[in-house]
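Numbering-wise, the sequence shown is residues 4 to 193 according to this note's numbering.
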Amino acid sequence: MRGLAPNLHANWSHLSPRASCSHQRRLPDDRSGTSQCPTSGRTRRSLSAMSDRVERILADLRRQGERITPARRTVVEELVGADGHLTADELVERVHETVPGAHLATIYRTMDVLERLGVVEHTHLGHGRAVYHLADDVHAHLVCESCGAVVQVSPKLLAGVERRAREEHGFVLRAHHFALVGRCRRCKSA
């Protein structure tokens, strides 16, 4: 059966580093004068580690009774290989580069299943579209309403708010689901 055996000869060339922040402004890097993506804080994973992670996720999907189609495999590969956040549109575009006939419904259903399994999380960055990232990279976001800069911060930043919501209201908060919107240091002083 196609898709059930590990793909030991996967073609990972399509996972070369690329800017995964087309949904945001690129900011000048103060240290070098070059551009940087404000959400690409994660370092590239080795191909071996990426391949192992892809296969573990695909095994989780199989255990849930999901078929592993070329489109689903590519969705998982792109999420694991992403060096930052991806919008649904960016993910669809990347999947179509590898599997041109992939149906949008398949891609979106795959994202829903991955979210239900706790593999992927989405975050709403201000007024823009939701972005997706692997759930093992939990972080909160600060979004500048002036320049669009996105800063990833430790979820510990919101620990006090989460604790108070739980203690005072019995409410379990998912504070990392939405970004905190305000003005960055650069725009605040401008």
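Glycine included, every Cβ here is placed at the ideal spot set by N, Cα and C. Note that the structure is predicted; figures quoted are calculated from it, not measured.
Terminal residues of the beta strand (DSSP E) in which residue i lies
i, result
"valine 141", "Element bounds for valine 141: n/a, residue is neither H nor E."
"glutamate 118", "Run containing glutamate 118: none in the beta strand (DSSP E); it sits in the alpha helix (DSSP H), 107-119."
"valine 123", "123-127"
Residue i classed as buried or exposed, judged by whether at least 16 other C-beta atoms fall within 10 angstroms
i, result
"aspartate 92", "exposed"
"aspartate 86", "buried"
"serine 51", "exposed"
"valine 141", "exposed"
"arginine 97", "buried"
"valine 79", "buried"
"glutamate 81", "buried"
"alanine 193", "exposed"
Cutoff 7 Å; reference residue i; Cβ partners in own chain excluding five residues on either side
i, result
"arginine 186", "Cys147, Glu148, Ser149"
"alanine 138", "Gly121, Val122, Val123, Glu124"
"cysteine 190", "Cys147, Ser149, Cys150"
"leucine 160", "Ala143"
"valine 184", "Gly129, Val146, Glu148"
Own chain partners of residue i with C-beta closer than 8 Å, once the 5 adjacent residues on each side are dropped
i, result
"valine 116", "Leu64, Gln67, Glu69"
"histidine 106", "Ala74"
"arginine 169", "Val175, Leu176"
"alanine 133", "Thr90, Ala91, His125, Thr126, His127"
"arginine 34", "A caution first: arginine 34 carries a pLDDT of 33, below 50, which makes its placement in the model unreliable, though a value can still be read off. Excluding sequence neighbours, arginine 34 sits near nothing in its chain."
"leucine 94", "Val78, Glu81, Leu82, Ile110, Met114, Tyr135"
Endpoints, alpha helix (DSSP H) assigned at residue i
i, result
"valine 79", "73-84"
"glutamate 93", "91-101"
"leucine 183", "Careful: leucine 183 lies outside any alpha helix (DSSP H), inside the beta strand (DSSP E) at 183-185."
"histidine 172", "162-172"
"valine 156", "Taken as a continuous stretch (DSSP letters only), valine 156 belongs to no alpha helix (DSSP H), being part of the beta strand (DSSP E) at 153-156."
"alanine 193", "No alpha helix (DSSP H) holds alanine 193; DSSP gives it neither H nor E."
"valine 57", "50-66"
Other residues of its chain near residue i: CB distance less than 6 Å, five sequence neighbours each side excluded
i, result
"histidine 135", "Note that residue 135 corresponds to tyrosine in the displayed sequence, not to histidine. Correct list, in chain order: Leu89, Val123, His125."
"alanine 2", "Because residue 2 is not part of the residues shown, which for the chain are 4 to 193, the question remains open."
"valine 83", "Met53, Arg56, Val57"
"threonine 77", "Val98, Thr101, Val102"
"isoleucine 60", "Val79, Val122"
7 Å Cβ cutoff, residue i in contact with chain D
i, result
"aspartate 86", "Protein chain content of the structure displayed is limited to a single chain, and chain D is not contained in it."
**Asked** Below 8 Å, can you find three or more Cβ-Cβ pairs linking the region 172-181 to the region 116-130?
**Response** yes
**Message:** Three Cβ pairs or more, each shorter than 8 Å: is that satisfied between the region 151-164 and the region 97-111?
**Reply:** no
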